[in-house]
Structure formats: C-alpha cells, structure tokens
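K.L.:
There's a structure below that I have some questions on.
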Ligand SMILES: *Cc1c(COP(=O)(O)O)cnc(C)c1O
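Residue numbers (the numbering used here): 4 to 383.
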C-alpha cells in the first residue's frame, strides 16, 4: 500500500492509449525531415479552425508567445492598460509588461475563480486597450456580459485559453467555444495542458483576417516574404513533430474532456459520502458552462498546506495553483499594488488545492484521495 503513488497528472497513461497512432505520426515527420512549420503545422491550423469554428489559427512556439503575439497585433504600446485577473499563471500578466503595457487587475469571483463583468468594467479607463479573460482551470468567463460593453469602449478582447481547449459556454442558446468569442484567442500546448504536445507549443486564433496575417508574419521575424521584413517580429514557430502529435490528440479531445467531467462529478459525490462538504467546497460550474476541469480545484476551510503535506506523505501529489497573486509578485512591485488590494484572489491563494485529475484516473484512486482527505480532517 505504502508504495502506491498518484501524480496530479499521469501523462504515461495518456500516451499508452494512443501509442500506435502517435508513433506512426511522429515516424512520418521523421521520414519527411520537415521539422519547422510545413504541412503538419498548416494541417493542425486547419483542424483547429474547424474544431473551434474560427476563421484563422496560427501556430507558434508557446502559450506565452501566443499572448505576446496577440498583444503585438493590437499594437500595444507603453502607457496602454490591459485589464486581467490577478489569479492566474504568470504569463497572463507578463505578456503585457514585456511590451511596456500596464496590467490592471480586476478581482475574481470566489466561486468560479474568474473575473466578472462588475470587477472588469469598473477598471476601464480611456487608456484601456485590451482585456485578457482567463478561462481558469477550464471554465469560461461570462463573455456575453462583457463583450458588448467592451466593444463600445473600444477595448479588444484577447482570451487566454491555455487551460480551456474544448470548453464552451452557452451564449444566446448557442455553444461558443473558448477562443471563439474574443477577437483573438491564445492557446498553450505545454505537455500538461489538456491538449498538450510533447514539448512546447502554442497557437493564436483570430476572428480578424488582418490581425491573423500580421501574426503569421510576426512569428517569423516579421517577414512577409522570406528575408524581406515588414517589421521586427519574433522567432516563434510551431514544429512539425508537435503539430503531428497534436493532430492525433485533437481527434480524441472531446472524449477525454468528457472523462475529466465524469471524474469531477465523482469527486463531488465522494466528498458528500465522506461528510466533507462543510470543510471542502467543490469547484462550482456556472450555469451554461461546459467546464473541462483542466484542473480540479476545491477550496478547503483550513490547514490547506498541512493537508498538502499529508497527501504527499501518503503518495498523492496535490498542488497549489497559485500560491501568490500576480499583483504581489516581486517583479510587479513597480505597479504599486499592496496586500489587500484583491481580497478574493488573495484568499484563494490560501484556500485552494488542485487534486489529481486526468482522463484515465480510476474510481479507486479518487476514493483513495478523498478518504485520505477525510482521515486528515478526522472524518471517515
Ligand atoms: C500555461 C499557461 C500559459 C502559458 O503557456 P506556455 O505554453 O507555458 O507558455 C498562459 N496562461 C495560462 C493561464 C496558462 O495556464
């Protein structure tokens, strides 16, 4: 029993399920000796355009680069403000400062962990150039409450969809996927993402053709034609092996997302069975949302860090996303924020815990996680 282990995410089980398809796809790339961009990359771009129902998809080197490319395409300049959440991965805010822009944080909702129309709209000024909603842990922001208001104020929406490939939200009774409601949407294919490659990778999707053309140039040093540079861009290309792997995985993504949802439901039932609901608050799925549980992140009422250690000592790896709000990061001290400025985000950094979740997790493993938590809190 003691040498049993459960990681937060077991990539090896994911590979085992599709090994033949992946090995064949990678072998074809090796035989073609075509490694950067090329037919696999344009093939993936078309697959994603079809899947998300967006006019253009442009592969790039990472999710962080996707965000920088998107903001460059909006001509973000020093002095411009970009509204976003303080409760996210670092790249959500660093893309803004890397271009000299100013992140303006809007606090999140304690149940969905996402920004709300109320918190965002109160931050709009005449310097606001863009808004970056983060569909955190796989659940979409209420885009319909923001899109029109921001459009009349001339604020562009750049969705950070790094944790939400395949999530959707019912808007006017139509399902709209993450990435398909802003003018630009940014994805990451980092291996641990719910659509993950076997190395770094990213993508920008665009509903605006001109911006898409510009991003397609910016990722290759701003060259429209090779060796002729219209502006100074980046070296941010997607490689063919990643694209080939991702094309295979995209075909299975819907059923994997469905398996994540089943696992999330099971956790909820197990918390109730173990009489934990006064201590553990399961993540809330807002009405109209198809949450894909990129992460499964409940809140606990007390002793979060000791619980984390206890799970670890039993062989279960849980994690904290995120231990420090972005407005409190040392590198952003020049923005002048203080502790207490975003109370909800700050309390979440102390209360949330990411439990193991991935499509292949078994019922026995989930029962083990929850009974270990129950034992920690003196329940059975
Ligand atoms: C992973 C992630 C990114 C960055 O993606 P990389 O591919 O690692 O650069 C950006 N935003 C969020 C919310 C993420 O989770």
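All residues carry an ideal CB built from backbone N, CA and C; glycine is no exception.
Let's test the definition: count the other Cβ atoms within 10 Å of the Cβ of residue 356 and tell me whether it reaches 16, buried, or not, exposed.
P.N.:
It is buried - the Cβ of residue 356 has at least 16 other Cβ atoms within 10 Å.
K.L.:
With a 10 Å radius around its C-beta and 16 neighbouring C-beta atoms as the bar for buried, classify residue 260 as buried or exposed.
P.N.:
Buried, because 16 or more other Cβ atoms sit within 10 Å of the Cβ of residue 260.
K.L.:
Starting from residue 214, trace the beta strand (DSSP E) both ways and give me its first and last residue.
P.N.:
Not the beta strand (DSSP E): residue 214 falls in the alpha helix (DSSP H), residues 212 to 221.
K.L.:
Among 283, 140 and 241, which has the Cα closest to the Cα of residue 374?
P.N.:
Of the candidates 283, 140 and 241, the one whose C-alpha sits nearest the C-alpha of residue 374 is 283.
K.L.:
Assuming contact is defined by CB atoms lying nearer than 8 Å, are residue 62 and residue 241 in contact in what I supplied?
P.N.:
Cβ atoms of residue 62 and residue 241: closer than 8 Å.
K.L.:
Is any heavy atom in ligand 1 found nearer than 7 Å to the beta carbon of residue 315?
P.N.:
Residue 315: no, Cβ never under 7 Å from ligand 1.
K.L.:
What's the gap between the Cα of residue 24 and the Cα of residue 169?
P.N.:
Approximately 21 Å between the Cα atoms of the pair.
K.L.:
Give the range of the beta strand (DSSP E) segment to which residue 172 is assigned.
P.N.:
Where residue 172 is concerned, the enclosing beta strand (DSSP E) stretches over 171 to 174.
K.L.:
Please check the pair residue 124 and residue 84, which I expect to be a contact at CB under 8 Å, by giving their CB distance rounded to whole angstroms.
P.N.:
About 14 Å separates the two Cβ atoms, so there is no contact after all.
K.L.:
Taking 7 Å as the cut-off, is the C-beta of residue 205 nearer than that to any heavy atom in ligand 3?
P.N.:
This structure does not include ligand 3; its bound ligands are ligand 1.
K.L.:
So the candidates are 48, 102 and 43; which of them puts its Cα closest to the Cα of residue 70?
P.N.:
Ranking 48, 102 and 43 by Cα distance to residue 70 puts 102 first.
K.L.:
Compare the C-alpha of residue 40 against each of 206, 276, 131 and 109 and name the closest.
P.N.:
The shortest C-alpha separation from residue 40 is found at 206.
K.L.:
Taking just the CA atoms, how far does residue 223 sit from residue 233?
P.N.:
When rounded, the distance between both Cα atoms is 11 Å.
K.L.:
Please list the segments of the beta strand (DSSP E) lying wholly inside the region 5 to 92, counting only runs of 3 or more residues, in order along the chain.
P.N.:
Those beta strand (DSSP E) runs which fall completely within the region 5 to 92 and span 3+ residues are 59 to 63 and 84 to 87.
K.L.:
Excluding the 5 residues preceding and the 5 following residue 326 in the sequence, name in chain order all residues of the same chain whose CB lies nearer than 8 Å to its CB.
P.N.:
Only 352 meet the Cβ criterion.
K.L.:
Say the cut is 7 Å; is the CB of residue 165 nearer than that to a heavy atom of ligand 1?
P.N.:
Flag set: Cβ of residue 165 near ligand 1.
K.L.:
Ends of the alpha helix (DSSP H) at residue 1?
P.N.:
This structure does not reach residue 1, given that the chain is present from 4 up to 383, and the question cannot be answered.
K.L.:
Could you give the first and the last residue of the continuous beta strand (DSSP E) run that contains residue 187?
P.N.:
Per DSSP, residue 187 belongs to the beta strand (DSSP E) from 187 to 191.
K.L.:
Do residue 143 and residue 167 come within 8 Å of each other at the CB atom, strictly closer than that value?
P.N.:
Closer than 8 Å, so yes.
K.L.:
Tell me whether residue 309 sits in a helix, a strand or coil according to DSSP, three-state version.
P.N.:
Note: residue 309 maps to helix in three-state DSSP.
K.L.:
Could you tell me which of 77, 7, 332 and 194 sits nearest to residue 93, measuring between CA atoms?
P.N.:
Of the listed residues, the one whose Cα sits closest to residue 93 is 332.
K.L.:
Using the C-alpha atoms, what's the distance from residue 268 back to residue 366?
P.N.:
Approximately 11 Å, taken between the alpha carbons.
K.L.:
Distance check for residue 50 and residue 254, CA to CA, integer angstroms please.
P.N.:
Approximately 9 Å, taken between the alpha carbons.
K.L.:
Is residue 249 near residue 200, with beta carbons less than 8 Å apart?
P.N.:
Taking 8 Å as the Cβ cut-off, residue 249 and residue 200 qualify as a contacting pair.
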